[in-house]
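A.B. asks:
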Amino acid sequence: MSLGLLFRVFVYGTLKRGEPNADVITNTAGRYRFIGEGRTKVPYPLIVASRYNIPFVLNEPGKGYQVEGEVYEVDGVKLNILDKLEDYPEFYWRQEEEILLSATSETTAWMYLLRNWRPNIYETATPMMSNYSSNGAHGRKYVSRYLRSKEFPNDNYDLYADILGGDSKNPATLAASRLKALEDAKSQS
Numbered sequence: 001m002s003l004g005l006l007f008r009v010f011v012y013g014t015l016k017r018g019e020p021n022a023d024v025i026t027n028t029a030g031r032y033r034f035i036g037e038g039r040t041k042v043p044y045p046l047i048v049a050s051r052y053n054i055p056f057v058l059n060e061p062g063k064g065y066q067v068e069g070e071v072y073e074v075d076g077v078k079l080n081i082l083d084k085l086e087d088y089p090e091f092y093w094r095q096e097e098e099i100l101l102s103a104t105s106e107t108t109a110w111m112y113l114l115r116n117w118r119p120n121i122y123e124t125a126t127p128m129m130s131n132y133s134s135n136g137a138h139g140r141k142y143v144s145r146y147l148r149s150k151e152f153p154n155d156n157y158d159l160y161a162d163i164l165g166g167d168s169k170n171p172a173t174l175a176a177s178r179l180k181a182l183e184d185a186k187s188q189s
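Heads up, the sequence shown is in full-length UniProt numbering, so the first residue is 1 and it goes up one at a time.
(1) Quick one: complete alpha helix (DSSP H) runs, 4+ long, within the UniProt domain "Gamma-glutamylcyclotransferase AIG2-like" (9-116)?
(2) Leaving out five residues before and five after Gln188 in sequence, what residues of the same chain have Cβ atoms less than 6 Å from its Cβ?
(3) Could you check what DSSP says for Gln188 in three-state terms: helix, strand or coil?
(4) Over the uninterrupted alpha helix (DSSP H) stretch that includes Ala161, give me the two end residues.
(5) By DSSP's criteria, residue 192 is part of a beta bridge. Which residues make up the other side?
(6) Would you mind working out which of Phe10, Thr26 and Ser102 sits nearest residue 190, comparing C-alpha positions?
(7) Going by C-alpha to C-alpha distance, which of Asn53, Ser102, Thr26 and Ser133 sits closest to Gly38?
(8) Identify every residue that forms a DSSP beta bridge with Met129.
(9) Tell me the rounded alpha-carbon separation between Val77 and Thr107.
(10) Tell me, to the nearest whole angstrom, how far the beta carbon of Gly64 is from that of Leu85; I am working on the premise that it is less than 8 Å.
(11) Taking the alpha helix (DSSP H) that Tyr142 belongs to, which residues open and close that run?
(12) Determine the direct distance from the alpha carbon of Tyr122 to that of Leu5, and round the result to whole angstroms.
(13) Gly62 to Ala49, Cα distance in whole Å?
(14) Between Asn131 and the rest of its own chain, which residues show a CB-CB distance below 7 Å, the 5 nearest in sequence each way excluded?
(15) Rounded to whole angstroms, what is the Cα-Cα separation between Arg8 and Val71?
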């Protein structure tokens with residue numbers, strides 16, 4: 001990926017202005033420019049799931065609602081930072097989507113979503129929504145990455161297994177989850 005190019009990114013969750021991870025866009029290396037608010041042209045299921053109350057868009061086009069969010073133009077440095085935050089391509093997948101900026105304007109932007117998830121994810125998630133807020137009516141307050149290892153220090157919770165499915169006792173995935181949580185905690189210190 002050329003670091004001189006600019007990319008449009010659509011964010012719908014904790015990266016939006018006023019949300020817990022907004023500073024990843026505004027206070028890290030790389031360049032960004034806010035383009036505007038928008039919504040997906042195609043409906044998708046936007047849910048909040050996991051012990052950490054993370055917003056996810058599931059790759060089921062046509063199901064759910066048009067997802068509301070924000071469009072940013074970022075350089076390659078910032079896109080790499082976002083990819084690392086979202087653990088692309090192991091956890092989230094990034095794909096281009098048509099985003100409606102207004103009644104007469106649209107753009108194409110990268111959007112992070114889940115390609116895979118456990119079969120019963122809807123049973124423990126919030127109902128589908130069109131617009132996420134960490135303080136929303138869903139009542140599931142987001143647990144910031146830097147707080148996870150502090151609030152759950154000796155925990156064997158495996159976020160990847162909880163969301164993606166699979167063996168939550170797999171030592172490799174547990175180790176990867178713990179390492180990611182420690183890296184997140186260290187970066188926030």
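We put the beta carbon where it would ideally sit given N, CA and C, even for glycine. These numbers come from a predicted model, not from an experiment.
C.D. replies: Checking against the coordinates, here is how it stands:
(1) 22-26 and 76-85
(2) Residue 188 sits at position 188 when you count from the first residue of the sequence shown. Note that Gln188 scores a pLDDT of 46, beneath 50, so its modelled location is shaky and nothing firm can be said.
(3) Indexing the sequence shown from 1 puts residue 188 at position 188. For Gln188, the predicted model reports a pLDDT of 46, less than 50, meaning its position is unreliable; a value from the coordinates is still stated below. Here Gln188 sits in helix by DSSP.
(4) Locating residue 161 in the sequence shown gives position 161, where the first residue counts as 1. Residues Leu159 to Leu164.
(5) The displayed coordinates of the chain run from 1 to 189. Any statement about residue 192 would go beyond what the structure contains.
(6) Shown here, the chain extends from 1 to 189; a query on residue 190 therefore has no answer.
(7) Locating residue 38 in the sequence shown gives position 38, counting from the first residue. Nearest neighbour of Gly38 by Cα position, chosen from Asn53, Ser102, Thr26 and Ser133, turns out to be Ser102.
(8) Here the question's residue 129 lines up with position 129 in the sequence shown. Met129 is bridged to Leu46.
(9) Along the sequence shown, read from residue 1 onward, the residue named residue 77 stands at position 77. Along the sequence shown, read from residue 1 onward, the residue named residue 107 stands at position 107. Rounded to whole angstroms, Val77 to Thr107 spans 21 Å at the Cα level.
(10) One-based indexing of the sequence shown puts residue 64 at position 64. One-based indexing of the sequence shown puts residue 85 at position 85. Rounded, the Cβ-Cβ distance is 23 Å, inconsistent with contact.
(11) As a working mapping, residue 142 is identified with position 142 in the sequence shown. Premise fails: Tyr142 is in no alpha helix (DSSP H) and is neither H nor E.
(12) For this step, residue 5 is matched to residue 5 along the sequence shown. For this step, residue 122 is matched to residue 122 along the sequence shown. Distance between the alpha carbons of Leu5 and Tyr122 is about 38 Å.
(13) On the sequence shown, position 62 is the one that residue 62 refers to. On the sequence shown, position 49 is the one that residue 49 refers to. Those two C-alpha atoms are separated by around 20 Å.
(14) Numbered from 1 along the sequence shown, position 131 holds the residue referred to as residue 131. Cβ neighbours of Asn131 beyond the five flanking positions: Glu68.
(15) Counting from 1 along the sequence shown, the entry for residue 8 is found at position 8. Counting from 1 along the sequence shown, the entry for residue 71 is found at position 71. The straight-line gap from Cα to Cα measures roughly 7 Å.
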